[in-house]
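Each residue of the sequence shown is one higher than the last, beginning at 1 in full-length UniProt numbering.
What follows is a single structure, written as structure tokens, with notes after it.
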Amino acid sequence: MPRRSTFRTWEDYYIPGSKVLRNKFTAPGKPHGETDATKLGAMEEATARMRAAELNRRPVVGAFDYPHMKAIHRHLFQDVYDWAGEERVAPIGSFMTKDGHSYYPAGPTLTEAAEAQYRQLADKDLLRGLEQPDFVRELAESWGELNVIHSFREGNTRTQFVFFSQLAEQAGYRIDWSRFAVGSPLREQFVEARFHSQDTGSNARLEEVLGRAIVPLPRPASPGTARPAGPSASRAVRGAARPGPLAGGRASGRDGGYGR
Numbered sequence: 001m002p003r004r005s006t007f008r009t010w011e012d013y014y015i016p017g018s019k020v021l022r023n024k025f026t027a028p029g030k031p032h033g034e035t036d037a038t039k040l041g042a043m044e045e046a047t048a049r050m051r052a053a054e055l056n057r058r059p060v061v062g063a064f065d066y067p068h069m070k071a072i073h074r075h076l077f078q079d080v081y082d083w084a085g086e087e088r089v090a091p092i093g094s095f096m097t098k099d100g101h102s103y104y105p106a107g108p109t110l111t112e113a114a115e116a117q118y119r120q121l122a123d124k125d126l127l128r129g130l131e132q133p134d135f136v137r138e139l140a141e142s143w144g145e146l147n148v149i150h151s152f153r154e155g156n157t158r159t160q161f162v163f164f165s166q167l168a169e170q171a172g173y174r175i176d177w178s179r180f181a182v183g184s185p186l187r188e189q190f191v192e193a194r195f196h197s198q199d200t201g202s203n204a205r206l207e208e209v210l211g212r213a214i215v216p217l218p219r220p221a222s223p224g225t226a227r228p229a230g231p232s233a234s235r236a237v238r239g240a241a242r243p244g245p246l247a248g249g250r251a252s253g254r255d256g257g258y259g260r
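Listed below in structure tokens is the structure:
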């Protein structure tokens, strides 16, 4: 029987009296985990990188549906948060906002929207058999919509990186994450494109940015020939776990508590 979440409101995520997320790094005098947001961020980064390396060796197997996305999130953040792999529970009844950008409210609206997006991916045969321009367009559409839904309290971006890297590889493409190195113009454009998607409902900018980093994989010589594997999907999370605009959010709530 699945474990019932003890997180039911937005405040349940925080260490009492603070805006630092409850975490598993407990110690004498710290029953709810590390209380320093900077230290928590560093520990979260280190453990996420370690778990990403595991995904490099043994990727999470799934059907590219909601349980698959949740399983990736659970693996990456299992050492940090009790709610790893669980859909966020707040805010209820209104869109989540951060820096003027909106995400879905928690509850049935979020769940139904997420499930609808994964059904669309399945209906499109997981984007297999598409020419590169069509693949990029469909990838941007799915990524943009799932980002607005923002299923998790923290770690959405890093989880999306792994999920969509795996999706791309099974469809015959890879995402060249070296193009999104810290300080690169394309990295900043990626962040801006995702916010543009949230604000306007258009994923055209995201499509343009992703199109500059999509590389086709070599085709098999025959139907029975295995396709060479592309760079690991966890490479994305190793880059995303570094401090910076793709880091996926903050471990504290100083900015209103809504991570990217």
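Using N, Cα and C, we set each Cβ at its ideal position, and we do this for glycine too.
Treat the numbers as computed from the prediction; the structure is a model and nothing was measured.
Rounded to the nearest angstrom, what separates residue i and residue j at their Cα positions?
| i | j | result |
| --- | --- | --- |
| Val20 | Tyr14 | 5 Å |
| Glu154 | Val215 | 29 Å |
| Gly107 | Pro220 | 44 Å |
| Pro31 | Asn23 | 9 Å |
| Pro28 | Glu86 | 28 Å |
| Leu121 | Ala114 | 11 Å |
| Ile92 | Pro105 | 6 Å |
| Ile72 | Pro133 | 27 Å |
| Arg158 | Pro16 | 27 Å |
| Glu11 | Trp83 | 14 Å |
| Met43 | Ala63 | 31 Å |
| Val191 | Ser184 | 11 Å |
| Gly129 | Tyr81 | 38 Å |
| Arg57 | Gln166 | 13 Å |
| Val60 | His196 | 30 Å |
| Ala181 | Val162 | 16 Å |
| Pro218 | Gly33 | 47 Å |
| Met69 | Glu131 | 25 Å |
| Leu186 | Lys124 | 28 Å |
| Glu112 | Met50 | 32 Å |
| Arg8 | Glu141 | 31 Å |
| Arg88 | Ala193 | 24 Å |
| Ala116 | Leu110 | 10 Å |
| Ala229 | Leu55 | At Ala229, the pLDDT of 38 sits below 50, so the modelled position is not reliable and the matter cannot be decided from this model. |
| Asp79 | Arg179 | 29 Å |
| Gln189 | Ala204 | 12 Å |
| Gly201 | Phe152 | 20 Å |
| Asn156 | Arg74 | 11 Å |
| Gln198 | Asp65 | 22 Å |
| Phe164 | Thr6 | 30 Å |
| Gln160 | Pro67 | 13 Å |
Rounded C-beta distance between residue i and residue j? I'm assuming under 8 Å.
| i | j | result |
| --- | --- | --- |
| Ala171 | Leu206 | Contact doesn't hold; Cβ gap of about 17 Å is too wide. |
| Ser18 | Thr38 | Incorrect: roughly 13 Å between the Cβ atoms, too far for contact. |
| Phe77 | Ala48 | 7 Å |
| His150 | Tyr103 | 4 Å |
Taking the DSSP output, what are the residues bridged to residue i?
| i | result |
| --- | --- |
| Val215 | Arg174 |
| Tyr14 | Leu21 |
| Ala84 | In the DSSP output, where bridge partners are listed per residue, Ala84 has none listed. |
| Lys30 | Ala27 |
Here's the rule: buried if 16 or more other CB atoms are within 10 angstroms of the residue's CB, otherwise exposed. What is residue i?
| i | result |
| --- | --- |
| Ala90 | buried |
| Glu169 | buried |
| Ala46 | exposed |
| Ala240 | Unreliable positioning characterises Ala240 in this predicted model, as indicated by a pLDDT of 38, which lies under 50. The coordinate reading is nonetheless provided below. With 16 or more other Cβ atoms within 10 Å, it is buried. |
| Gly41 | buried |
| Leu53 | Note that residue 53 corresponds to Ala in the displayed sequence, not to Leu. Under this definition Ala53 is an exposed residue. |
- request: Inspect the CB distances between the region 171–184 and the region 142–149 and report whether three or more fall short of 8 Å.
  value: no
Margin query: Taking 8 Å as the cut-off, does the region 199–213 touch the region 136–143 (at least 3 CB pairs, one atom from each stretch)?
Written below: yes
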